[in-house]
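Here's the structure we're looking at; comments come further down.
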Amino acid sequence: MSDLLTVRDVTKRFGDRLALNGVSFSVQRREVLGLIGPNGAGKTTLFECLAGIMTTNSGTVRFHEETLQVMRRKEALFYLPDGILPWSEQTVNWALRFFEKLYRTSKTKLSELIEPLRLDEIMKARLASLSKGERKRMLLALGLLTPHELLLLDEPFDGLDLRQTRDVMTLLKDHTANGRTLMLSIHQLVDAGRVCDRLVLLSAGTVVGEGTIPELRAQANLPDGGVEEIFLALT
Amino acid sequence: MSGQRKKEYLDIRPASGPHPNPLPKGEGVFQQSYSFVQIFAKEWRELLASRSFWLLLLMIGPLVGHGFITAVGLYAEASGIGGGPAALPQGLTPLDGMLTPAFGAYDLAATFLFPFVAIRMIASEKQSGGLKLLLQLPGNLATKLSAKGLALLAGWLVTLIPGLLAISLWKLYGGHLYAPETLNLFVGHLLRVMLSAGIAVAAAALAENAASAAIVTLGFTVGTWALEYVAAYRGGFLQQLANYTPTAALRSFEHGLLQLSTSIAMLAISVAGFALAAIWLHTGRTWRFRLVGTAALILVLALVGFGANGLRGSWDLSENRRNSFSREDEAALRQIRPALKITVVLSPEDPRLADLEQNVLRKLRRVLTRLEIHYVASTVTGLFEKPEDHYGEIWYEMSGQRVMERSTIEQVVLETIYQLAGVTAPQHIEENVFGGYPLTAYPRGAGWIFYVLWPLMVGFVWWLVRS
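Line by line, the protein sequences give chains A and B. When the letters of the first sequence are read in order and numbered with my numbering, they come out as residues -5 to 229. When the letters of the second sequence are read in order and numbered with my numbering, they come out as residues 715 to 1181.
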């Protein structure tokens, strides 16, 4: 697979604190890339820098092997933040229709999302009244309604129960099979191992490993073990 | 199913190897317009979901009603209702008697209520995280803020319903209206509210949260009041600047005067407010970009303000021509070609200066293109001027001739100018004199409409929208 997005030496400082320290990695076409790391590792900061809604101190981002200027990031990728509650007084139905109309996606696209994300039961609910999991499912639907080739999803399984997590994983895999490329920020390492084709391990703003699980295991000099063991060995 | 979904992603994937043009071309005009309409529709829904907007609607009815009912009552008294002595009919104009007091509620709303509606539209995006989505939606941030501005304007038009009700009642009572001055007042309030919106939106973009933005906005309002207060006794440049404060700018519309300079200045400040918001709201912009953008904006605003200040275009749209000399005098004054220099030795707090300014100078500025006015008093009150300071003198100079006159009465000043210019004073035609419009009518039914029906209707529509 060829690289869709190439990130080189991205650095972000908040005053004296170094949030991202020369982060470099690549995203291959039609893969699910997991960005894993503990709280405060810089996952959300990295996503916001890539999406162009936060400034960086240095670094380059290339898309299809061409430099992607900050002004054009939103044309290439869509970032779905975690923990937001936009348009709290509106209904789920309105929010979904708004994205559907704005991006002029087909009616079938939304209907395909309703069942796996179990949206039918909350369509008439106001966003302010949704539980954490319901809100997450609604936000995921918004992200999946966009036409962008690359989606950055921040903590897509946060707030979902076991069954919902499994359904969403299947849905995301289905989308990558149909041409979408996904980059997921995940702090639950077990989930990351189950859904991601490759992983980028981020610790204290630094990339400490990148590759498939066997590749990372080799980097960590582990004969066996899962994502948790690899992460502990590399950080 | 999967094939169909493939088509819906941006068509930017190469069949094999690197793609020659990895990003789609910029949005066309049609796509931009389509996105703008969708985002405007979203902003309108958000406005309707805002409690502050409904509170504004709820309060504007009684506020307009109070102004209207009081004004109609006073107008009727001045017109001799109840057998009392009537005022001079020339003094009874609907603009002063009804329109300005009834629409005064809108000035109050634009100062204290509407800014909160505008602030909420920005602050809610920042606080809820919606801004992160908004920044990624199609179109640039300036376009999205324009959609917000347009939604706010549409909301303001809804708030005008009580004002239109007041006008309808006035007509029902048999009252007179003069369309040009009425429309001019509407334009004034529209520009006034746009100014409020611009300042509030800029404050909301710059401030950390809604409360801070509200403090900044109110601080601006109080600051303009302080400027007017200081300018009243300092005069000079401050007085010129104070002419562009929201209250002062609106006052000229309330007097039936449409001034190009005031209108352009108000519009420019409104647009600048939104532009400032566009610069600071985008979290993906560097500090350097923001500072350079702000400096450029201030420079452009200063240039526009300077240019607007030099514009003399103005139209007296009042029916009684209160901002103009009589038509005969204007025709005579327009014949004068040489430059006229007037030197006024009166202090800013001297009531004679206010008389001269109100009755003569502001009218003269509108007619004479080559007019210079100098204010040379050295004290604020004029109480302690020495005799050798020539206090109280007004000097008129034209073509090397100088004449001194102390009077501030219109006819005396005009005669002085005519003598100096060698122009014959015109004869005045009686039929051109404004006759006034007395109206002895009680504000029947207005209390019910503004104090009872309007709040009930607002509550009902709010419930409908919510459900």
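Beta carbons: idealized from backbone N, C-alpha and C, even for Gly.
Rank the options by C-alpha distance to the C-alpha of residue i and give the top, closest one.
| i | options | result |
| --- | --- | --- |
| A:I224 | A:L183, A:R188 and A:T200 | A:L183 |
| B:I753 | B:T1057, B:H903 and B:K858 | B:K858 |
| B:F750 | B:G1159, B:L867, B:T1000 and B:S860 | B:S860 |
| A:V21 | A:G219, A:V64, A:L12 and A:R174 | A:R174 |
| B:V907 | B:T873, B:L878 and B:L879 | B:T873 |
| B:G1150 | B:L941, B:F826, B:P808 and B:A755 | B:P808 |
| B:L1047 | B:K1077, B:V1018, B:W939 and B:V1059 | B:K1077 |
| B:N898 | B:L964, B:A924 and B:V1137 | B:L964 |
| B:L961 | B:W1176, B:G888 and B:Y820 | Reading the sequence as shown, one finds Thr at residue 961 of chain B and not Leu. Of B:W1176, B:G888 and B:Y820, the residue nearest in Cα terms is B:Y820. |
| B:A991 | B:D810, B:G950 and B:L845 | B:L845 |
| A:D114 | A:S100, A:T99, A:W88 and A:Y97 | A:W88 |
| A:L29 | A:A186, A:A212 and A:L216 | A:A186 |
| B:G1114 | B:K1055, B:E1042, B:L952 and B:A893 | B:K1055 |
Note down, in chain order, each residue of its chain lying with its Cβ closer than 8 Å to the Cβ of residue i, except the 5 sequence neighbours on either side.
| i | result |
| --- | --- |
| B:R1120 | G1106, E1107 and I1108 |
| B:G1161 | G779 and I783 |
| A:E42 | M48, Y73 and P75 |
| B:G1253 | No answer is possible for residue 1253 of chain B: it lies beyond the span of chain B, which begins at 715 and ends at 1181. |
| A:S125 | G153 |
Can you list, in chain order, the residues of its chain whose CB lies under 6 Å from that of residue i, leaving out five sequence neighbours each side?
| i | result |
| --- | --- |
| B:K862 | E757 and M835 |
| B:A823 | I774 |
| B:N1073 | E1124 |
| A:G31 | K37, L196 and S197 |
| B:M980 | L905, L909 and A963 |
Taking Cβ positions, are residue i and residue j nearer each other than 7 Å?
| i | j | result |
| --- | --- | --- |
| B:P1157 | B:S793 | no |
| A:T170 | A:L176 | yes |
| B:F1148 | B:N1034 | yes |
| B:L995 | B:A917 | no |
| B:Y1110 | B:L1134 | yes |
| A:E94 | A:L139 | yes |
| B:E674 | B:T959 | An answer regarding residue 674 of chain B cannot be provided, because it is not within the stretch 715 to 1181 covered by chain B. |
| A:S52 | A:T5 | yes |
| B:A924 | B:I833 | yes |
| B:L1031 | B:G937 | no |
| B:S966 | B:T976 | yes |
| A:T206 | A:R188 | no |
| B:W768 | B:M812 | no |
| B:L974 | B:G1027 | yes |
| B:V1018 | B:A982 | yes |
How big is the Cα-Cα spacing for residue i and residue j?
| i | j | result |
| --- | --- | --- |
| B:L1085 | B:A1053 | 6 Å |
| A:V17 | A:L145 | 19 Å |
| A:L228 | A:T200 | 11 Å |
| B:T1057 | B:G1024 | 20 Å |
| B:P1140 | B:E1044 | 9 Å |
| A:P150 | B:G987 | 37 Å |
| A:L(-2) | A:R129 | 30 Å |
| B:L1070 | B:I1087 | 12 Å |
| B:L1178 | B:A868 | 19 Å |
| B:Y947 | B:E1063 | 5 Å |
| B:G843 | B:N957 | 40 Å |
| B:L771 | A:I78 | 30 Å |
| A:E143 | A:T85 | 27 Å |
| A:E222 | A:L136 | 31 Å |
| B:F1174 | B:A856 | 35 Å |
| A:N82 | B:I929 | Note on identity: in this sequence residue 82 of chain A is Ser, with Asn being the wrong assignment. So the alpha carbons of these two residues sit roughly 25 Å apart. |
| A:A214 | A:R157 | 32 Å |
| B:G1007 | B:L1013 | 10 Å |
| B:K840 | B:V915 | 12 Å |
| B:I1131 | B:L1011 | 43 Å |
| B:E1129 | B:V1137 | 9 Å |
| B:I978 | B:L1082 | 21 Å |
| B:E1004 | B:I1050 | Looking at the sequence shown, residue 1004 of chain B is not Glu but Arg. The alpha-carbon atoms of B:R1004 and B:I1050 are separated by roughly 51 Å. |
| B:R1180 | B:A921 | 30 Å |
| B:T896 | B:Y1089 | 34 Å |
| B:A755 | B:Y748 | 11 Å |
| B:V901 | A:G127 | 49 Å |
| B:G818 | B:Q953 | 23 Å |
Suppose the cutoff is 7 Å on Cβ atoms and the five residues either side in sequence are ignored; what does the same chain contact list for residue i look like?
| i | result |
| --- | --- |
| B:A816 | V778, G781, F782, A785, G877 and A880 |
Check distances from the C-beta atoms of the region 753 to 764 of chain B to those of chain A and list, in chain order, the residues that come in under 7 Å. Answer in chain order: K756, R759, E760 and A763.
Using a beta-carbon distance cut-off of less than 9 Å, what residues from the region 974 to 1000 of chain B approach chain A? Answer in chain order: H996, T997, G998, R999 and T1000.
Between the region 42 to 57 of chain A and chain B, which residues of the former have CB atoms less than 7 Å from a CB of the latter, in chain order? If the cut-off is 7 Å between Cβ atoms, the region 42 to 57 of chain A has A45, G46, I47, M48, T49 and F57 near chain B.
So if I threshold CB-CB distances at 8 Å, which residues from the region 850 to 869 of chain B count as touching chain A? Per Cβ criterion, the list reads Q850, L851 and P852.
Contacting positions in the region 830 to 842 of chain B - beta carbon closer than 7 Å to chain A: Listed by position along the chain: S842.
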